[in-house]
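From first to last, the protein sequence lines stand for chains U and Z. Position one of the first sequence corresponds to residue 1 (the working numbering), numbered consecutively onward. Position one of the second sequence corresponds to residue 1001 (the working numbering), numbered consecutively onward. Glycine included, C-beta positions come from ideal geometry on N, C-alpha and C.
Protein chains: 2
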Amino acid sequence: MSKKLTKRSEDYSKWYNELVVKADLAENSGVRGMMVIKPYGYAIWEKVQAELDKRFKETGHENAYFPLLIPKSYFTKEASHVEGFAKECAVVTHYRLKTADDGSIIVDEKAKLEEELIIRPTSETIIWDSYRKWIQSYRDLPIKINQWANVMRWEMRTRLFLRTAEFLWQEGHTAHATKEEALEEAQLMHNLYADFLQDFMAIPVIKGEKTENERFGGALNTFTIEALMQDGKALQAGTSHFLGQNFAKAFDVKFTTNEGKQNYVWATSWGVTTRLIGALVMTHSDDQGLVLPPNLAPIQVVIVPIYRNDEQLDAITKVVNKMIIAFKEKNISVKFDNRTTYKPGFKFAEYELKGVPLRIAIGPKDLENGTVELARRDTLTKEFVEQDNLLTKVSNLLVEIQNNLYKKALNFRNEHITKVNSFEEFKRVLENKGGFIAAHWDGTIATEKEIKKLTKATIRCILLDTENEEGKCVLTGAVSKSRVLFAKAY
Amino acid sequence: MSKKLTKRSEDYSKWYNELVVKADLAENSGVRGMMVIKPYGYAIWEKVQAELDKRFKETGHENAYFPLLIPKSYFTKEASHVEGFAKECAVVTHYRLKTADDGSIIVDEKAKLEEELIIRPTSETIIWDSYRKWIQSYRDLPIKINQWANVMRWEMRTRLFLRTAEFLWQEGHTAHATKEEALEEAQLMHNLYADFLQDFMAIPVIKGEKTENERFGGALNTFTIEALMQDGKALQAGTSHFLGQNFAKAFDVKFTTNEGKQNYVWATSWGVTTRLIGALVMTHSDDQGLVLPPNLAPIQVVIVPIYRNDEQLDAITKVVNKMIIAFKEKNISVKFDNRTTYKPGFKFAEYELKGVPLRIAIGPKDLENGTVELARRDTLTKEFVEQDNLLTKVSNLLVEIQNNLYKKALNFRNEHITKVNSFEEFKRVLENKGGFIAAHWDGTIATEKEIKKLTKATIRCILLDTENEEGKCVLTGAVSKSRVLFAKAY
Chain U
1 MSKKLTKRSE DYSKWYNELV VKADLAENSG VRGMMVIKPY GYAIWEKVQA
51 ELDKRFKETG HENAYFPLLI PKSYFTKEAS HVEGFAKECA VVTHYRLKTA
101 DDGSIIVDEK AKLEEELIIR PTSETIIWDS YRKWIQSYRD LPIKINQWAN
151 VMRWEMRTRL FLRTAEFLWQ EGHTAHATKE EALEEAQLMH NLYADFLQDF
201 MAIPVIKGEK TENERFGGAL NTFTIEALMQ DGKALQAGTS HFLGQNFAKA
251 FDVKFTTNEG KQNYVWATSW GVTTRLIGAL VMTHSDDQGL VLPPNLAPIQ
301 VVIVPIYRND EQLDAITKVV NKMIIAFKEK NISVKFDNRT TYKPGFKFAE
351 YELKGVPLRI AIGPKDLENG TVELARRDTL TKEFVEQDNL LTKVSNLLVE
401 IQNNLYKKAL NFRNEHITKV NSFEEFKRVL ENKGGFIAAH WDGTIATEKE
451 IKKLTKATIR CILLDTENEE GKCVLTGAVS KSRVLFAKAY
Chain Z
1001 MSKKLTKRSE DYSKWYNELV VKADLAENSG VRGMMVIKPY GYAIWEKVQA
1051 ELDKRFKETG HENAYFPLLI PKSYFTKEAS HVEGFAKECA VVTHYRLKTA
1101 DDGSIIVDEK AKLEEELIIR PTSETIIWDS YRKWIQSYRD LPIKINQWAN
1151 VMRWEMRTRL FLRTAEFLWQ EGHTAHATKE EALEEAQLMH NLYADFLQDF
1201 MAIPVIKGEK TENERFGGAL NTFTIEALMQ DGKALQAGTS HFLGQNFAKA
1251 FDVKFTTNEG KQNYVWATSW GVTTRLIGAL VMTHSDDQGL VLPPNLAPIQ
1301 VVIVPIYRND EQLDAITKVV NKMIIAFKEK NISVKFDNRT TYKPGFKFAE
1351 YELKGVPLRI AIGPKDLENG TVELARRDTL TKEFVEQDNL LTKVSNLLVE
1401 IQNNLYKKAL NFRNEHITKV NSFEEFKRVL ENKGGFIAAH WDGTIATEKE
1451 IKKLTKATIR CILLDTENEE GKCVLTGAVS KSRVLFAKAY
């Protein structure tokens, strides 16, 4: 705890890795690429889950659960899906171990599966295999199901929260009678994600569509929300896919319309992952440690007693216990850290590192004066507050901090969208300033790939509300109907 | 929906299988032994989760998440654990697929793992591998962590909810400085489970200890709660294990005590699974379908309009909308089924099958009279209720139904505990009446196994609060210090 973090300006990547571990969010396990999400990190994920789940249900979705393992043959049914997904994945080939003659435990070769099973990298195939049985008539539609689950993609280079072999997520899978309704659903969830990140996580996002090259395997259209990290790199924070009739055709899911016709069903899928916690850390935190928006802070207010003897601690505790009751009535989560084994300075550093939004220190002088010392994590400022005003002050400050973090992140993001008109400018901005680059592109996959090869920047999205400003592609000079956003990305 | 269920008296097992599918709780997937938990079944599981999670947190536990895959070598570290567990399990051997020359998708033999990974059948080993890094001093103790997760055991004979290859559960894993504290924790959770089943699920349970032969692999003591199904078979509904220092020794987890000594850490683990939903179905339901205790019913009250034309439906809807607001203010979950595509009789049958505790029917006559028809699912009785008294009536009935279901199950269970004093009597009761048999046993594993071989009955538990009634073992006649409970079990 005493060891300082690497500064962001020195090595942003190292700062992030250290912070996630030191703030007790997560750590690497003994299994390659798989993380342990520690209680403090998981408590943040639980807040993400609770709020999203509420919003999903308010928009008419239900939860369900589908199998972890998917037969290999299911993946091959949708050609572009298997290309995009199923290659780097964990394959189950046997179902038994046995004790060998030398006493060691080995795989029982007699227990080999006839068909290999894949640990789900995403569940479209297993879910559409079920939907075939559930859907006969227009009366069975729409189906709007979400699943909270673990998934696995065999990533070679992993980083805590940002890219891990196993991660937690939610995946929505909906089935509709018409194209219009499915598109509307994909857009509804796209907007729901954007609002959630902005209102609840204080992370501003850009809404757009992916290029064909960057689409989800099997999708006709992928809507994305893109956030900007403090190092100028973009982070894809959530996607919502319009899948057309691709999965319905692959799994032969038809329904009888009101008029007695047979049609294929229209589909969407959409998801966000524990990656959001990585985005949260990299959007708001600073060289002192985590900075958590009050909405997501497992502890919103910590109270640290300053005392020299038991008598003083007792007197402080009496006053603090009343405060705690008042805070809890207002649904403010509060922790009284009365551990005698650590000194106040150590505790201050710990809660700073862990991003607790407000810290109250209270000692004998404060008891005399009827005050406390109140410190804000976001601005690192302190002030004395009268105990009588404390509850109001704290309630207001929690709202203010939430808003302040959003505004700060929004300003940073807005300052880091740069229009460029030549490839030289493109490279210079990318190199020196980073962030999103709004540039003209000729619309071809070849150009997109060439720019990526030359600069490592990818097209993050085609803006949805883009003005139709014509121009020339920064690379080829060919005609372009509007700008798209490039960036280096996580 | 129109097809009737098999009667319980005809074929209890068939009745159960049909009911789970027809009531839309779950179904088999295309993957052997793995189920799809459908929205209605998952909604019940969410209620189980929410209430248990609240109780875990109130007793000082935090949630976290550990990896799905466990290296094979971890299992072999605790000898009795690997014997009990790791044999029938899903083994991941490869991490990539590839496209073969003929275009088919095959496992890439180049992507073979150096060490096989096991899909967790339970997480003691991966968790204690982490705890070694987390625990140095007595100040790091206790650790009280719970995980909500999926696990997998390669069962050969599977049944929806009762025994599936993959299932959902929670697993608590705690670490303590002393034996006493760990034992206390194991007992605390044992009691928490018993209270939860009784108060919340209306399922009476018997609390006891497992015999050595029936203990969890690696445990020094396994506390169990045993429920009784309507066919007279017992169902183990939850277990809490005192693990001693076994896992601490296997994973070398020591801590420095207050006095500077090095000690191994003491452990517990405890869990309940989606099997609870099977127990719920088999405890309360009848030949008409599910019967759900109000605490666990996704829909507590359904309102079905009876009408001949749109005008009547409009008039009914106006009255119903006011009822809905009143119910929601009291946190009563209500559904107004105004689907025009189905007739009332069809709807009645559907909600009976799905176990909705209360059904309100309202037609033009009721509007005139200011009444509704109110039907109870548990007793299948109906009465007319004045609309002005409806809210109070419904609130009271929901409590009454919850209590009634518990009492009914408790009576059945109490009637099915039979004391026997000879092996002939043992076999006769087991054959003709079923239920729990309280019999003397000589305390040896050999006798326990022999009785199982001869009768299929196992020792469900040694009672905790047993009177020290001495006697003679029903099989061997050897001396016995007290009776234990035998039963055939799920």
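Residue range 1012–1022 is occupied by the alpha helix (DSSP H) that includes residue 1020 of chain Z, with no beta strand (DSSP E) assigned at that position. The Cβ atoms of residue 358 of chain U and residue 376 of chain U lie closer than 8 angstroms to each other. With a contact defined as Cβ atoms closer than 8 angstroms, residue 1441 of chain Z and residue 1417 of chain Z miss out at about 16 angstroms. At least 8 angstroms separates the CB of residue 1048 of chain Z from every CB of chain U. The beta carbon of residue 1120 of chain Z sits no closer than 8 angstroms to any beta carbon of chain U.
Taking a beta-carbon distance threshold of 8 angstroms, residue 490 of chain U does not count as an interface residue toward chain Z.
Put simply, the CB of residue 1154 of chain Z is near chain U, with a gap under 8 angstroms to one of its CB atoms. Taking CB atoms only, residue 411 of chain U has no neighbour in chain Z less than 8 angstroms away.
When only Cα atoms are considered, residue 448 of chain U and residue 201 of chain U end up about 31 angstroms apart. In the three-state reduction of the DSSP assignment, residue 416 of chain U falls in the coil class, being assigned neither a helical nor a strand state.
At a cut-off of 8 angstroms between beta-carbon atoms, residue 406 of chain U makes no contact with chain Z. A Cβ-Cβ separation of about 6 angstroms places residue 1332 of chain Z in contact with residue 1394 of chain Z under the 8 angstroms criterion. Within the DSSP secondary-structure output, residue 49 of chain U pairs in no beta bridge. Scanning its chain for C-beta atoms nearer than 7 angstroms, with the 5 sequence neighbours on each side dropped, one finds around residue 352 of chain U the residues 288, 289 and 377, in chain order. The continuous stretches of alpha helix (DSSP H) do not include residue 1240 of chain Z, which lies in the beta strand (DSSP E) extending over residues 1234–1244.
Fewer than three Cβ pairs drawn from the stretch 308–328 of chain U and the stretch 421–441 of chain U lie within less than 8 angstroms of each other, which leaves the two stretches out of contact.
By the rule that beta-carbons nearer than 8 angstroms mark a contact, residue 145 of chain U touches chain Z. Ranked by how close their Cα comes to the Cα of residue 274 of chain U, the residues U:4, U:36, U:420 and U:57 have U:36 in first place. Residue-level contact check: residue 1452 of chain Z does not touch chain U, since none of the beta carbons of chain U fall below 8 angstroms from its beta carbon. One Cα belongs to residue 482 of chain U, the other to residue 157 of chain U, and the distance between them is close to 35 angstroms.
The beta carbon of residue 335 of chain U sits closer than 6 angstroms to those of 299 and 302, all from its chain and outside the five residues before and after it, given in chain order. When secondary structure is reduced to three states using DSSP, residue 1095 of chain Z falls in the coil class, being assigned neither helix nor strand.
Inclusion of residue 1343 of chain Z and residue 1024 of chain Z in the CB contact set at 8 angstroms is not warranted, their separation being larger than that value. For residue 1089 of chain Z, the chain U residues whose C-beta falls within less than 8 angstroms of its own C-beta are 95, 96 and 97, listed in chain order.
Taking a Cβ-Cβ threshold of 8 angstroms, the residues of chain Z close to residue 117 of chain U are 1031 and 1090, in chain order.
Residue contact with chain U for residue 1267 of chain Z: absent (no Cβ-Cβ distance below 8 angstroms to any residue of chain U). Legend: CB atoms of the stretch 64–82 of chain U lying less than 9 angstroms from CB atoms of chain Z belong to residues 64, 65, 66, 67, 68, 69, 70, 71, 72, 73, 74, 75, 76 and 82. For the stretch 280–330 of chain U, the continuous beta strand (DSSP E) assignments of 3+ residues that do not extend past its boundaries occur at 301–305, in sequence order. Sequence-distant Cβ neighbours of residue 1243 of chain Z in its own chain, meaning closer than 7 angstroms and more than five residues away, are 1218, 1219, 1220, 1267, 1268 and 1269.
Judged by DSSP in its simplified three-state form, residue 1090 of chain Z adopts coil rather than helix or strand.
With its beta carbon less than 8 angstroms from one in chain U, residue 1034 of chain Z belongs to the interface.
Residue-level contact by beta carbon fails for residue 249 of chain U and chain Z, as no gap is shorter than 8 angstroms. Interface residue (Cβ-Cβ distance to chain U less than 8 angstroms): residue 1142 of chain Z is not classified as such. Against chain U, the CB of residue 1261 of chain Z has no partner CB under 8 angstroms away; the residue lies outside that interface. Interface flag for residue 157 of chain U against chain Z is unset, since no Cβ pair is found closer than 8 angstroms. Excluding sequence positions up to five before and after residue 1231 of chain Z, its CB lies within less than 6 angstroms of the CB of 1012, all in the same chain and listed in chain order.
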